[in-house]
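J.: Residue numbers (my numbering): 402 to 521.
Glycine is no exception: its CB is placed at the ideal position from the N, C-alpha and C atoms.
Structure provided below as structure tokens; questions to follow.
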Ligand SMILES: [Zn+2]
């Protein structure tokens, strides 16, 4: 199945124009409550990653092994996420990645990333 690249839903502050993920009702920089939902393009680079073989709790046991990563996304976001669709041997710091829609082991919609070179 072809990956479906998605924009990243973010919060944007009406007072200071700060952008953050995941969305929250209050700006984490200036604590302004006048915020709105927005999106940024789902393109980033791997800041750091690790292959997880033993989940932090039993609810992740069926998901292992998986790649946990920090992905830098302009304009200054650093997102904790999973890298999917690529073996860890193909990953390195600075690799370009794209956001994709995923579903976690509990059936919740989540934002994951995949190697950009695997996309269109
Ligand atoms: Zn703000």
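Look at the alpha carbon of residue 465 and the alpha carbon of residue 488, and state the distance between them as a whole number of angstroms.
T.: 13 Å
J.: Where in the stretch 408–486 do unbroken runs of the beta strand (DSSP E), each at least 3 residues long, occur, reported from the N-terminal end onward?
T.: Here the runs fully enclosed are 409–414, 436–441, 444–453, 467–474, 478–484.
J.: Between the alpha carbons of residue 493 and residue 477, how many angstroms are there, rounded?
T.: 20 Å
J.: Ignore the nearest five residues each way along the sequence and tell me which others in residue 361's own chain have a CB closer than 6 Å to its CB.
T.: The requested residue 361 is not part of the displayed model; the chain covers only 402 to 521.
J.: Once the 5 residues before and after residue 417 are set aside, which same chain residues still bring their CB inside 8 Å of it?
T.: When the five nearest sequence neighbours on each side are left out, the beta carbons in the same chain lying within less than 8 Å of the beta carbon of residue 417 are those of 428, 430, 431, 433, in order along the chain.
J.: Work out the CA separation of residue 500 and residue 521 for me, nearest whole Å.
T.: Residue placement at residue 521 is poorly supported in this model, since its pLDDT is 44, which falls under 50; the coordinates still yield a value, given next. So the alpha carbons of these two residues sit roughly 13 Å apart.
J.: In angstroms, rounded to a whole number, what distance separates the CA positions of residue 458 and residue 422?
T.: 24 Å
J.: Do residue 415 and residue 435 have their C-beta atoms closer together than 7 Å?
T.: yes
J.: Cα separation between residue 438 and residue 475?
T.: 16 Å
J.: Compute the Euclidean distance between the alpha carbons of residue 419 and residue 491, then round it to the nearest angstrom.
T.: 33 Å
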